[in-house]
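Peer 1: This is the structure, below, for whatever I ask next.
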Amino acid sequence: MDCPGFDHPFVVIGHRGAAGHEPENTLRSFRRAVAMGVQAIELDVYLLENELVVIHDDSLERTTNGTGALASHTLAGVRRLDAGAGERIPLLSEVLSSIDEGIGINVELKGEGTGERLPAYLAAYPRGHGRILVSSFRHRELAAYREAGGECALGLLFGRSKESLFERADALEPYAIHLSVRLASAALMARIHARGLRVFVYTVNELDVLARLRKGKVDGVFSDYPDRILQAIA
Ligand code: G3P
Ligand code: MG
């Protein structure tokens, strides 16, 4: 499957925007990454009152001035919180409408029910489908996304273990495999490439790690400091 938003020869993906410079997963962070020149951004979503909210954790303490489980709050309450530098927790719709159409958007499904909700949610953005890559560690959410009629390209995420990687790839037919740095050996990347899939690796903030991955023919990296990566590959 094609995914024009991520088909650049080497894709620099702003991780949670430019999380090394700005409060992560905020519009300010996504805009900063775009201003740096990334080809794509990554963000994390949970379902709350049928809305998709952009936040990494299932609790509020680390990234906002709120406390407790995200799911124990109302949407209105969560939207009043400060997510850093006066920024609000964005809705996915706000990111889609405020980030330039030429920028790829990797929507990482964190919370339960996100896969089932996403196809109808994205129906309001038909022209945007080619820019979106839907990924998750929760491969059942990706299957639910497909079952609900979702047509965007998929990214299969693996963190600690690569167990069942090729079986899952056969079942879900993703566009890309997203690997943690520790799993991303040159040998594994070569096996994934042999299947015709791309490999994107997270989270790459150091240039020696970037150099190792580039030798292994990585297709793109997620970085909290996309400016460093862009400068190194220029
Ligand atoms: O999508 C790549 C990366 O964001 C996955 O890990 O925990 O940073 O969401 P995490
Ligand atoms: Mg993520």
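Residue numbers (the numbering used here): 156 to 389. Heads up, the beta-carbon is just placed ideally off N, CA and C, and yes, glycines get one too. Values in this document were obtained by computation on a predicted structure and should not be read as measured data.
#1: According to DSSP, is Ile168 helix, strand or coil?
#2: Say the cut is 7 Å; is the CB of Tyr300 nearer than that to a heavy atom of ligand 1?
#3: Quick check on the DSSP output: the beta strand (DSSP E) that includes Tyr201 runs from which residue to which?
#4: Run the Cβ filter for me: residues under 5 Å from any heavy atom of ligand 2, listed in the order they occur in the chain.
#5: With the cut-off set at 8 Å, would you say Leu288 and Cys158 are in Cβ contact?
#6: Can you tell me whether Gln386 is buried or exposed, with buried defined as 16 or more other CB within 10 angstroms of its CB?
#7: When you compare each of Glu204, Ile168, Ile210 to Met191 by their alpha carbons, which one comes out closest?
#8: So Val289 is in the beta strand (DSSP E); what residue range does that whole segment cover?
#9: Indicate the three-state DSSP secondary structure (helix, strand or coil) for Val359 in the structure shown.
#10: In this structure, what does DSSP give as the bridge partners for Leu264?
#11: What's the C-alpha gap between Glu242 and Leu368?
#12: Can you give me the start and stop residues for the alpha helix (DSSP H) that Glu249 sits inside?
Peer 2: According to the structure data:
#1: Here residue 168 refers to the residue found at position 13 of the sequence shown. In this structure, Ile168 counts as strand in the three-state DSSP scheme.
#2: By one-based count along the sequence shown, residue 300 stands at place 145. No, since every heavy atom of ligand 1 falls outside the 7 Å radius drawn around the Cβ of Tyr300.
#3: Position 46 of the sequence shown, counted from the first residue, corresponds to residue 201. Run containing Tyr201: 195-203, per the beta strand (DSSP E) assignment.
#4: Residues flagged by the Cβ proximity filter: Asp199, Glu263.
#5: As a position in the sequence shown, residue 288 is number 133, starting the count at 1. As a position in the sequence shown, residue 158 is number 3, starting the count at 1. Contact flag set, yes.
#6: Numbered from its first residue, the sequence shown carries residue 386 at position 231. Exposed: under 16 other Cβ atoms inside 10 Å.
#7: Residue mapping note: residue 191 aligns to position 36 of the sequence shown, counting from 1. It is Ile168.
#8: Counting from one through the sequence shown, the residue named residue 289 turns up at place 134. Residues 287-291.
#9: For the purposes of this step, residue 359 is taken as the residue at position 204 of the sequence shown. Residue state, collapsed to three classes: coil.
#10: Translated into positions along the sequence shown, residue 264 becomes position 109. Within the DSSP bridge table, the entry for Leu264 names Val200 as partners.
#11: Counted from its first residue, the sequence shown places residue 242 at position 87. Counted from its first residue, the sequence shown places residue 368 at position 213. Roughly 34 Å separates the two Cα atoms.
#12: The sequence position of residue 249 within the sequence shown is 94, counting from 1. If you look at Glu249, you'll find it in the alpha helix (DSSP H) that goes 247-253.
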